[in-house]
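Note that the protein sequences, when read in sequence, are chains A and B. For what it's worth, my numbering labels the leading residue of the first sequence as 1, then goes sequentially. For what it's worth, my numbering labels the leading residue of the second sequence as 1, then goes sequentially. Each remark here refers to the structure printed beneath this line.
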Amino acid sequence: MHPQETLLTATSAVAPQAPQRRPRSADARVEGTSPMSDEHFSALSTEIMRVMNTVIDGKEESVRLALTVLLAGGHLLLEDVPGVGKTLLAKTLARTVDCSVNRIQFTPDLLPSDITGVSIYNQSSQVFEFRPGAIFANIVIGDEINRASAKTQSALLESMAEHQVSVDGTTYNLDEPFMVIATQNPVEMEGTYPLPEAQRDRFMARISLGYPDTAAELAMLESHQSVNPLDAVQAVVSAAQVADMIETVAAIHVAPAVRAYAVALGQATRTSPQLRLGASPRALLQLLRAAKAAAALAGRGFVLPDDIRDLAHPVLAHRLLIERSAASQGVSADSVITELLATVPVPGAAPGATIGRTPIPRATRDSR
Amino acid sequence: MSRGIFATPRTGPARWVLAVAILAAVMGASLSLGGVLTDFGWWPRAVVVVSGTLLLPTLLRRYPALDAYAPLGALAGWLLSLTFVFFPGSSLLGFIPTLATVDAALAMASEASTTIMSSNTPVTSTVPLFFLVCAGLGFVALLIDTAAITVAMPAASALGLIMVMLPPAFTTKGGIGTMGFIGAAAGFLLILGCCQWYAPEGKVRATGVRFSSGTLSRASLLGAAVVLVMAFAPTIIPGFTEGSFPQGSRLDQSGTGTRLDPMISLGNDLRSQSTEVNLTYLSTTAQPQYLRLSTLENFTGKSWQPSDIPDSLPSGTTNLVPAAGPSPTVTTAETLTMVTIEALRSEWLPAPLSPSKVENLSGQWRWNPATQTIKGRFISTLGQSYLVRSETPVLSQASLEAASGDPSGVDPVFRQLPNDVPALVKDTALSVVGTETDAFAKAVALQNYLLSSEFRYDLNTPASAGYDGSGMEVLEAFLTKKSGYCVHFSAAMAVMAREVGLASRIAVGYAPGTRTTAVGEIEGRQLRGYEATGQDAHAWPEIYFEGLGWVPFEPTPSRGSVPDYTQEESTSVPTADATAGPNDVPTATATATATPSTAAPLAGGEQATSQLGPVLKSSAIIVLLLLLASVPAALRLLVRRRRLARVRGGTGADPQPGDDARAPEVLAWREMLATAADYGCPIDPALTPARQVAGVAERLGGTTSPALALLLDSYEQRVFGPPTPSPAGREDLVDAVESVTARLRSRATTWGRFRARALPASLISRP
């Protein structure tokens with residue numbers, strides 16, 4: 001039983017030859033110095049979403065969010081009860097992009113070296129050769145990530161944050177684009193290890209798919225009856241195009257007012273009496289990057305406070321720790337964020353007016 | 001060292017703003033002094049003095065190390081500016097005080113205090129009073145500056161402002177007045193606000209202040225609301241601005257006739273409606289007995305004053321002979337009057353006219369034959385009980401008609417008039433006298449004119465209309481308004497008598513008072529008891545007739561009793577009757593009804609006043625209310641027009657590329673939001689622009705109109721998009737705002753439309 005499953009033939013990274021060792025500064029972005037035009041970007045992103053929506057019925061929001069995370073260069077955590085299509089969404093996204101994809105099925109006996117790779121002594125050449133692990137791919141799908149032990153989960157840490165792997169003192173760069181899509185069952189389920197906070201913080205967004213509505217479920221029953229819808233999916237964009245798109249997203253303009261809004265939201269989470277742990281600076285950074293991707297997907301050259309607002313739930317909720325006393329009253333991270341969004345003023349034209357005037361959120365309300 | 005002090009100077013406008021706020025507050029509160037002085041001639045000088053007082057501390061505050069010396073600077077500025085304004089002649093370089101300046105200042109202050117003591121409010125504007133007022137205001141500015149900035153207790157500046165308002169509250173009938181009150185309240189709020197913004201926690205800001213949007217408009221609206229409420233508080237709470245002090249009263253009520261102008265204290269006594277018995281007396285006379293205290297004959301044009309008493313008068317109250325008294329041939333009747341002083345502290349002794357001997361007096365008393373008054377030396381009337389023997393000439397109409405009114409036999413002070421007698425007084429006197437040539441006929445004509453129904457006895461009108469006192473302007477006002485009390489009637493008659501060639505003086509004392517049950521017997525003669533209260537304080541004219549001496553008249557309607565000798569003639573009787581009842585009834589009745597009769601004309605006077613005054617008053621209040629009610633609408637209209645003008649780019653001010661807050665797109669957006677707020681679509685600052693537009697669109701029926709979309713897009717592009725140079729003007733945005741406004745208006749209810757106009761919500765919430 002091997003935890004590694006190759007989905008596509010384009011698995012050059014897992015080939016037993018020596019891995020590419022490229023300096024980070026000279027990665028494949030060179031050809032992308034001229035970001036693609038708005039029309040091109042829009043056409044590609046629309047096509048990706050169209051293809052994904054043919055596979056996953058009635059989940060346009062989640063699909064859009066998944067693509068947003070991809071274009072923002074982040075990692076995605078899909079969390080929901082079994083059987084609502086978490087893995088399907090991950091695989092569909094992976095398949096629309098023509099790039100290397102690895103899938104890791106996390107189990108309690110999975111070892112860190114299975115993920116990062118291991119150095120093996122080559123008898124013939126009499127040297128240790130590095131055999132790359134499953135992480136060496138453009139898109140890595142970590143299925144049921146909370147079934148592995150904390151030690152193995154932590155093996156993902158460096159690669160997710162820094163897009164590199166260090167084994168036996170040698171650092172190997174990962175291909176760009178690089179994205180981890182992890183799925184997990186809610187922690188209340190049997191036999192799971194909840195992700196540590198540090199690891200959760202590395203995921204840009206968490207999506208809960210939820211059950212489809214009646215119409216979507218009917219359509220799904222019909223379409224998935226005979227054939228696997230994934231079979232019909234062809235890659236829409238190349239890895240290089242995705243890298244270009246990511247670069248286009250990075251060039252999106254962020255006004256000072258929008259930055260101020262993000263900071264105000266973050267500070268509000270830190271001062272909220274209902275929260276034990278607020279949003280980290282990295283969380284705000286990722287929120288802003290996700291907002292840029294959302295703005296680009298909307299065909300806009302600049303970020304609006306609405307982008308921040310729409311992404312606050314998926315980007316922030318999984319990083320917040322609720323105070324025990326508040327949790328006992330039914331307060332959830334989502335309800336706290338909703339409350340903060342309703343109180344934190346949106347900075348307008350006069351940036352001096354509202355920056356730093358973050359109101360203290362209203363006292364805990366009994367939600368019952 | 002000096003480097004340390006002068007390091008880190010404050011460059012911002014904060015200290016200047018604070019100084020201007022204090023200046024505005026002090027000058028605003030000083031509006032309440034309008035009723036104390038006759039005009040506002042002191043105002044410019046006061047502005048100079050207060051500004052000078054505030055200038056030095058403001059300059060000192062440039063360096064934080066010198067903050068503690070600001071009060072010293074204020075003191076120096078106060079002295080220098082007072083010197084500069086009032087004593088440039090006796091100072092060095094025009095503003096540095098010298099010893100001569102101090103002398104001049106002391107002299108001026110004493111002159112001012114004399115003026116204050118001798119006149120009722122409003123006091124005539126004179127330089128000494130200017131000096132006093134300016135010095136006071138400057139000192140208040142010093143106090144406020146110290147309290148609000150140096151000690152960092154801006155709320156304590158209210159004490160300074162109250163100090164300014166105390167004089168009018170204590171001395172004028174109108175009290176502080178709405179203007180002064182609004183001025184003081186607005187100034188106080190201004191100080192509080194400025195201290196909050198420019199000197200938070202007692203530290204003057206080193207640099208400028210950036211207000212968040214709408215702070216200014218919100219603050220001014222709040223201030224206006226507070227001032228508005230305060231302005232109407234007096235109508236709801238009586239005595240709010242008029243004070244709980246008796247109208248026109250003074251703090252120092254003791255010593256009637258000793259310190260204050262006798263006329264003034266007389267008016268105050270009458271107005272206080274005191275029923276305290278001042279004195280009781282037993283008299284042998286069947287006629288009402290007037291008790292004189294002093295006389296006023298020195299008329300300067302500004303006031304009536306007692307003439308100077310020669311120091312050479314001997315003490316003693318026996319063998320009293322009046323100067324220019326009745327000739328020995330005139331028959332006299334001896335009257336005995338036993339006076340017991342109950343509660344009157346005066347250095348003048350109450351006595352009937354023509355006393356010949358006063359017995360049982362303690363202390364030194366001196367007889368002044370010229371005025372027939374008795375004045376104590378280092379002794380007052382309090383607790384005295386004495387017997388006055390008087391030799392009253394028996395007067396009849398015939399003897400009076402026969403007498404000449406030639407005033408050459410008396411001191412010129414009794415017939416002098418200032419040169420500038422107003423034409424009205426002169427003309428009135430001449431027309432009343434008409435063709436009469438006989439002195440007595442002239443006097444009777446004057447008396448009957450004043451007793452006629454044209455004139456009304458009213459204690460309050462003069463004080464409230466601002467002509468209390470006895471000066472020439474007061475007389476002019478009195479003859480125009482034809483309403484006043486004994487002071488005005490007697491002064492008018494005395495002046496007009498002098499105008500037609502008679503010698504006159506005003507006697508101040510007590511009207512006969514009320515008959516009591518007390519009786520007595522002295523030397524075999526029956527005495528009847530009377531008592532006089534504060535309300536019986538009175539003034540009446542006396543006119544000189546050669547050979548008969550000084551003859552009292554009674555021109556005041558409903559007070560005292562008209563002398564018999566003036567009303568035997570049939571023509572005068574109806575006139576006298578028409579005014580008030582008790583004039584010619586027998587003594588007992590007259591005195592018995594004297595007290596109620598003072599109240600009745602008062603009530604009548606009130607009603608008469610209510611015919612015209614309140615109409616004016618209420619219409620003025622309505623106009624004021626309407627004006628105040630339209631303030632929010634006007635403010636809103638102003639804001640809207642300014643914004644839209646800037647959106648059009650018509651102001652000529654080039655918007656700076658980085659200055660988003662003044663960009664046309666932003667202003668159009670804010671104006672649209674403000675309009676929406678006016679029409680009941682609340683502005684939630686936590687909503688993104690798109691959501692706010694959604695809210696407005698929902699109010700407009702659910703669809704986002706092109707105008708709204710245009711406004712939203714251009715606003716988002718400007719604020720959140722990459723910076724671009726601002727366009728000079730956006731006519732299309734103005735059209736969009738107008739379109740949204742029209743749609744909001746068309747969908748609003750009538751009440752909603754009214755509210756949007758009259759009470760725009762956007763003035764309070766963030767636009």
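Beta carbons are placed, not taken as given, at the ideal position from N, Cα and C, and that holds for glycine.
Original post:
What's the call for Ser125/A, buried or exposed, on a 16-neighbour Cβ count within 10 Å?
Top reply: When all chains shown are included, Ser125/A counts as exposed.
**OP:** Establish whether the CB of Ala161/A and some CB of chain B are separated by less than 7 Å.
**Re:** Not an interface residue.
Subject >> Span of the beta strand (DSSP E), counted from its first residue to its last, around Asp143/A >> reply: In the DSSP assignment, Asp143/A falls within the beta strand (DSSP E) that extends over 139-143.
Subject >> Nearest to Leu67/A (by Cα), restricted to the options Gly58/A, Met52/A, Val81/A >> reply: For Leu67/A, the closest of Gly58/A, Met52/A, Val81/A by C-alpha to C-alpha distance is Met52/A.
**OP:** Tell me, please, whether the CB atom of Pro71/B is closer than 7 Å to any CB atom in chain A?
**Re:** Interface residue (Cβ-Cβ distance to chain A less than 7 Å): Pro71/B is not classified as such.
Subject >> Expected contact under 8 Å - CB spacing of Val237/A and Val97/A to nearest Å >> reply: Approximately 6 Å separates the beta-carbon atoms of Val237/A and Val97/A; this is inside 8 Å, confirming the contact.
**OP:** Mind listing the chain A neighbours of Pro88/B? Cutoff is C-beta to C-beta under 8 Å, in chain order.
**Re:** Within 8 Å Cβ-Cβ: nothing; Pro88/B doesn't reach chain A, min ~49 Å.
Original post:
For Ala312/A, which residues in chain B fall below 8 Å Cβ to Cβ?
Top reply: Within 8 Å Cβ-Cβ: nothing; Ala312/A doesn't reach chain B, min ~11 Å.
Original post:
Quick one, are the C-beta atoms of Leu76/A and Val69/A less than 7 Å apart?
Top reply: It is a contact, given that the beta carbons lie within the stated cut-off.
**OP:** Please report the residue range of the alpha helix (DSSP H) in which Ala198/A lies.
**Re:** Here the alpha helix (DSSP H) through Ala198/A covers 197-202.
**OP:** Spell out whether any CB of chain B is found under 7 Å from the CB atom of Ala389/A.
**Re:** Here chain A comprises residues numbered 1 to 368, so residue 389/A is not present and cannot be evaluated.
Original post:
How is the beta strand (DSSP E) around His538/B delimited, first residue to last?
Top reply: Residues 537-545.
**OP:** Determine the chain A residues that contact Val719/B at a beta-carbon separation under 7 Å, and present them in chain order.
**Re:** Those are Ala255, Ala257, Gly348, Ala349, listed as they occur along chain A.
**OP:** Below 7 Å between beta carbons is the criterion; list the residues of the segment 696-725 of chain B that meet it against any residue of chain A, in chain order.
**Re:** Listed by position along the chain: Glu716, Val719, Phe720, Gly721, Pro722.
**OP:** Quick one: list the residues of chain B neighbouring Arg309/A, beta-carbon separation under 7 Å, in chain order.
**Re:** Chain B residues near Arg309/A: Thr688.
Original post:
Is there at least one Cβ from chain A nearer than 7 Å to Pro167/B's Cβ?
Top reply: It does not: the Cβ of Pro167/B has no partner Cβ on chain A nearer than 7 Å.
**OP:** Using a Cβ cut-off of 7 Å (strictly closer), state whether Pro685/B contacts chain A.
**Re:** So, interface residue.
**OP:** Give the residues of chain B in contact with Gly299/A, contact being defined as C-beta atoms less than 8 Å apart.
**Re:** Annotation: Gly299/A has no Cβ neighbours in chain B at a cutoff of 8 Å; minimum Cβ distance is about 13 Å.
Original post:
Which residues in the same chain as Leu687/B place their Cβ atom closer than 8 Å to its Cβ, once the five residues preceding and following it in sequence are excluded?
Top reply: Answer for Leu687/B: Gly695, listed in chain order.
Original post:
So what's Pro167/B in DSSP terms, helix, strand or just coil?
Top reply: Pro167/B: helix per DSSP, three-state reduction.
Subject >> Any C-beta of chain B under 7 Å from that of Leu304/A >> reply: With 7 Å as the cut-off, Leu304/A counts as an interface residue toward chain B.
Original post:
How about Thr343/A: is its C-beta nearer than 7 Å to some C-beta of chain D?
Top reply: Among the protein chains of the structure shown, namely A and B, there is no chain D.
Original post:
Applying the criterion that 16 or more other CB atoms from any shown protein chain within 10 Å of the CB defines a buried residue, is Arg456/B buried or exposed?
Top reply: Per the 10 Å Cβ criterion, buried.
Original post:
By Cβ distance, which residues of its chain are closer than 6 Å to Met672/B, with the 5 residues on each side in sequence left out?
Top reply: The beta carbon of Met672/B is closer than 6 Å to those of Leu711, Val737, Val740 in its chain, skipping five residues each way along the sequence.
Original post:
If we count Cβ pairs, one from each stretch, closer than 8 Å, do we get three or more for the segment 149-156 of chain A versus the segment 114-134 of chain A?
Top reply: Touching, per the Cβ criterion.
**OP:** Put Leu759/B into one of helix, strand or coil per three-state DSSP.
**Re:** Coil, per DSSP.
Subject >> Ala279/A and Thr269/A closer than 7 Å at C-beta >> reply: A contact, by the Cβ cut-off of 7 Å.
Original post:
Just the Cα atoms here: how many angstroms apart are Gln397/B and Pro350/B?
Top reply: Cα to Cα, Gln397/B sits roughly 27 Å from Pro350/B.
Original post:
Looking at C-beta atoms only, is the number of pairs between the segment 723-735 of chain B and the segment 695-705 of chain B that lie closer than 8 Å three or more?
Top reply: No, the segment 723-735 of chain B is not in contact with the segment 695-705 of chain B.
**OP:** Go through its chain and collect everything with a Cβ distance to Leu667/B's Cβ below 6 Å, but skip five positions before and after it.
**Re:** Here the set comprises Arg643, Arg646, Val647.
**OP:** Out of Leu33/B, Pro288/B, Leu222/B, Ala324/B, point me to the one whose CA is closest to Phe835/B's CA.
**Re:** The question about residue 835/B has no answer, for chain B in this structure spans 1 to 767.
**OP:** Using the Cα positions of Thr371/B and Val432/B, report the straight-line distance between them to the nearest angstrom.
**Re:** If you take the alpha carbons of Thr371/B and Val432/B, they lie about 28 Å apart.
Original post:
Quick one, are the C-beta atoms of Ala333/A and Val315/A less than 7 Å apart?
Top reply: Between Ala333/A and Val315/A, the C-beta gap is not smaller than 7 Å, which leaves the two residues out of contact.
Subject >> Supposed close pair Pro632/B, Pro760/B - CB separation, criterion 8 Å >> reply: Contact holds; Cβ gap of about 6 Å.
Subject >> Continuous beta strand (DSSP E) stretch holding Glu118/A: start and end >> reply: The question names Glu, but residue 118/A in the sequence shown is Val. DSSP places Val118/A inside the beta strand (DSSP E), whose first and last residues are 117-122.
Subject >> alpha helix (DSSP H) segment containing Tyr211/A, residue limits >> reply: Neither: Tyr211/A is in no alpha helix (DSSP H) and is coded neither H nor E.
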